[in-house]
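Be aware that the sequence shown starts at 46, since it is given in my numbering, and climbs by one per residue. See structure below.
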Amino acid sequence: ANAENHRVRAAHICKGRLEITRLRGRAKVSKNPQVRSIARAEARGLGGRVWGAPSLALQLLFSVMGVVAGGQTGIAQTTRHVDDAACPGVGTGTLADPFCSIQAAIDVASNGDTVLVQDGRYNEVINFVGKAIAVRSLNGAASTIIDATGLNLPVVQIKSGEGRDSGLIGFTITGGLAIGVGSHGVGGAGIQVFNSSPTVLNCSFVNNETRIIHIAGSAHGGAIYCGSGAPLFANCIVRDNVVDGSGWGAW
């Protein structure tokens, strides 16, 4: 069981390692005041570097807002809106007629799109299905919760070769369950990453459980598991997750 609070500024989680790194605060940014504010906050809180590419997390933030260091992005972007207040309606993804579920928005999104999620508790599980999109909350993790309670599945799956431009931003991830049967290993009831390198920012992984139903099996990471790839986790909280085996909150 993981009963401690862990605040992760930035981390690559891969092949059984949790490598804590820090973001370089110095970067050329847009004249957009919101972007500059984010860059200044990163510079104050995170001095150091991300392995291999110092501004990857900032670049994702810029792309989410439709700007990059030199100006506007060249990708045509569409915002797909989600609001659980629209349920049980299906919705079309516009601001006036939002989708009821996050996965419905992901399913119709194209590379470069943003899935923008209103405050609420979303009882579902999501899969990025290989898309280079930003799935982000409007107001942050405290008020936007993806809760898989009763579904008996991991909350988030990113396992189709996604890269840094696939981003999960500003959610509480809870209620996930990953179960290994027999000699099969299992991990990551909050988020499972296989053969992918997504960016995960400003998320809280709370009260997820990974367990096995056979002594010969193995369980790793109550909340986070990386089977392969080099995902970047920045400014995330991992606490009160349970695992039968090793890895505590993350593996």
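Glycine residues also receive a C-beta, built at the ideal position from the N, C-alpha and C atoms.
DSSP, read as helix, strand or coil, puts Val170 in coil. Nearest to Val238 by C-alpha distance, out of Ile224, Ala268 and Asn252, is Ala268. Within a 10 Å sphere around the beta-carbon of Asp210 sit 16 or more other beta-carbons, which makes this residue buried. Annotation: Val170 to Leu198 spans about 7 Å, alpha carbon to alpha carbon.
Residue pairing by DSSP places Cys271 opposite Val238 in a beta bridge. Across the set Ala150, Gly266 and Gln122, the C-alpha of Gly266 shows the shortest separation from the C-alpha of Asp285. Classified as exposed, Val153 has fewer than 16 neighbouring CB atoms from the shown chains inside 10 Å of its CB. The Cβ atoms of Gly274 and Cys248 lie no closer than 8 Å to each other. Taking Thr189 as reference, the option from Gln148, Ala141, Val174 and Asp164 with the minimal CA-CA separation is Asp164.
In the DSSP annotation of this structure, the continuous segment of the alpha helix (DSSP H) that includes Asp152 starts and ends at Ile147 to Val153. For Cys271, the closest C-alpha among the options Ile218, Val174, Ile236 and Leu183 is that of Ile236.
With a minimum length of 3 residues, the unbroken runs of beta strand (DSSP E) contained wholly in the segment 180–226 fall at 189–192, 201–203, 212–214, 217–219 and 222–225. Taking the Cα of Val201 as reference, the smallest distance to any Cα among Val180, Ala187 and Asn280 is reached at Val180.
A Cβ-Cβ separation of about 5 Å places Phe173 in contact with Ile203 under the 8 Å criterion. Per DSSP, reduced to three states, the secondary structure at Ala130 is helical. Bridge pairing for Asn156: absent [DSSP].
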